[in-house]
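First up is the structure itself, then whatever we jot down about it.
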Amino acid sequence: MLNYLERKTEKRIFYSYLHRFELTQEHLSPKASRLLLSEIYRHSRIISKRFDEPLSSVSRNVISAAAWGTIYCLMGATRMIELRPDYREIVDEVELELMLSYTETESEATIYRDIFSILSENGLCHSEVSALIEACMLSHAEGQVFENQVSAAGA
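Numbering (this note's numbering), first residue to last: 215 to 369.
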């Protein structure tokens, strides 16, 4: 019962962020919504266990990050700033997290990377966000090739 209530609360909080930009559940597919909420809960549990903190105290930060990442992906930076210029810092932070998330290894996956992946795989990213994701992936792949070449040359 507690698990159900925690998930229901997380869902309510997550969508309250989206409502700030007039986004609703209808802007996400049911599958994407289910995957996003599942990742929020999974990351919250991991962080709660890692730092021995109550789930309720860490989940709000995870939900916030996931919500901002989702809003950014759905709308793009330009539209977010047009609607809410006072959220420029948040847009910059999410954009930085997007770029950083593609420089980390799979074992270092963050909530941002998981959110971006889910939305991208479900075709829910704004075109400017999709272009940035592609550029980050290409840059990361080129960096990996360079690292492999350097490692091979040094061996």
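Glycine is no exception: its CB is placed at the ideal position from the N, C-alpha and C atoms.
Keep in mind the model is a prediction, meaning the values are calculated, not measured.
How many Å lie between residue i and residue j at the Cα?
{"i": "arginine 298", "j": "isoleucine 285", "result": "12 Å"}
{"i": "glutamate 335", "j": "glutamate 311", "result": "18 Å"}
{"i": "valine 305", "j": "methionine 351", "result": "20 Å"}
{"i": "glutamate 267", "j": "serine 273", "result": "10 Å"}
{"i": "arginine 234", "j": "methionine 313", "result": "24 Å"}
{"i": "isoleucine 332", "j": "threonine 317", "result": "18 Å"}
{"i": "leucine 242", "j": "serine 278", "result": "17 Å"}
Measuring alpha carbon to alpha carbon, tell me which residue in the options is nearest residue i.
{"i": "tyrosine 229", "options": "His257, Asn217 and Gly283", "result": "Gly283"}
{"i": "serine 270", "options": "Arg264, Ala281 and Ser258", "result": "Ser258"}
{"i": "leucine 219", "options": "Leu232, Tyr255 and Glu240", "result": "Tyr255"}
{"i": "arginine 221", "options": "His241, Arg248 and Pro244", "result": "Arg248"}
{"i": "methionine 294", "options": "Lys225, Leu232 and Pro244", "result": "Leu232"}
{"i": "alanine 323", "options": "Glu253, Glu303 and Thr238", "result": "Glu253"}
{"i": "alanine 281", "options": "Leu346, Ala246 and Glu342", "result": "Ala246"}
Given a threshold of 16 other Cβ atoms within 10 Å of its Cβ, counted over all protein chains shown, does residue i qualify as buried or as exposed?
{"i": "phenylalanine 330", "result": "buried"}
{"i": "isoleucine 260", "result": "exposed"}
{"i": "glutamate 296", "result": "exposed"}
{"i": "alanine 355", "result": "exposed"}
{"i": "alanine 349", "result": "exposed"}
{"i": "glutamate 236", "result": "exposed"}
{"i": "glutamate 224", "result": "buried"}
{"i": "valine 364", "result": "Confidence at valine 364 is low in this model, with a pLDDT of 48, below 50, so its placement is unreliable and the value that follows should be read with caution. It is exposed - the Cβ of valine 364 has fewer than 16 other Cβ atoms within 10 Å."}
What is the C-beta distance between residue i and residue j, in whole angstroms, given that I count them as a contact (C-beta under 8 Å)?
{"i": "glutamate 307", "j": "alanine 291", "result": "Glutamate 307 to alanine 291, Cβ: 11 Å. No contact."}
{"i": "serine 315", "j": "arginine 327", "result": "4 Å"}
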